[in-house]
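Using numbering that gives the first Met the number 0, read the sequence shown as starting at 0 and increasing by one per residue.
Think of the CB as a built atom: it goes at the ideal place given N, C-alpha and C, for glycine as much as any other residue.
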Amino acid sequence: MLAGSVGLTAMLCFLCFGVFWLAVPSNPAETDNAAFIFTVIPAPTLTATPEGYLTPTPTQALVSADGIAVGAYVQIFGTEGQGLRLRSGPSTDFPPLFLGLEAEVFKVEDGPKLGNTYTWWYLVAPYDKTRSGWAASTYLSLVEAPTDVP
Numbered sequence: 000m001l002a003g004s005v006g007l008t009a010m011l012c013f014l015c016f017g018v019f020w021l022a023v024p025s026n027p028a029e030t031d032n033a034a035f036i037f038t039v040i041p042a043p044t045l046t047a048t049p050e051g052y053l054t055p056t057p058t059q060a061l062v063s064a065d066g067i068a069v070g071a072y073v074q075i076f077g078t079e080g081q082g083l084r085l086r087s088g089p090s091t092d093f094p095p096l097f098l099g100l101e102a103e104v105f106k107v108e109d110g111p112k113l114g115n116t117y118t119w120w121y122l123v124a125p126y127d128k129t130r131s132g133w134a135a136s137t138y139l140s141l142v143e144a145p146t147d148v149p
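Printed below as a string of structure tokens:
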């Protein structure tokens, strides 16, 4: 009985090997080469500004009552160690991107914007540009004023 089982197993192995051997072409040139179709999507290009439209330029730097302005350095304070959520937009309606730590320093890159009764500033960490987002000025303290603001 044991010899019959071993013989049957060997026969099935040879049968499977033969089927696979016949399925593989002997000459790769004879195979039907499947054509791959690639769709090339062109990269976006800059759109020219129509004549007569001007890009607005600020004539006066916006400075808040506490001295925060674009170009200033601020730090997070008043969160009792819990940190401050920096958001994807200037409102509590926008989702938080990350948690800024108490006393962490950021550079102000944009703002002020009003949203949900807060004044919002766009902050970027000077040591890591990926740590950026909108923060409410209630929890910001001026560290260094920008040099170009009167």
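CB residue i to CB residue j, shorter than 9 Å?
i, j, result
"Leu-96", "Leu-83", "no"
"Glu-108", "Tyr-117", "no"
"Leu-139", "Phe-93", "no"
"Gly-114", "Gly-80", "no"
Does the beta-carbon of residue i have 16 or more other beta-carbons within 10 angstroms, so that it is buried, or is it exposed?
i, result
"Val-110", "The amino acid occupying residue 110 in the given sequence is Gly; Val does not appear at that position. Classification for Gly-110: buried."
"Ser-131", "buried"
"Val-39", "exposed"
"Ala-9", "exposed"
"Ala-135", "buried"
Give a single yes or no on whether residue i has its beta carbon closer than 8 Å to a heavy atom of the ligand ZN.
i, result
"Gly-82", "Ligands displayed in this structure: none; no statement on the ligand ZN is therefore possible."
On the premise that residue j lies in contact with residue i, defined as a C-beta separation below 8 Å, what is that separation, rounded to the nearest angstrom?
i, j, result
"Tyr-72", "Val-123", "Their Cβ separation, rounded to whole angstroms, is 11 Å, which puts Tyr-72 and Val-123 out of contact at 8 Å."
"Ala-68", "Pro-125", "Not really, about 16 Å apart at Cβ, beyond 8 Å."
Return the chain-ordered list of same chain residues with a C-beta closer than 8 Å to the C-beta of residue i, the five sequence neighbours on each side being excluded.
i, result
"Leu-14", "none"
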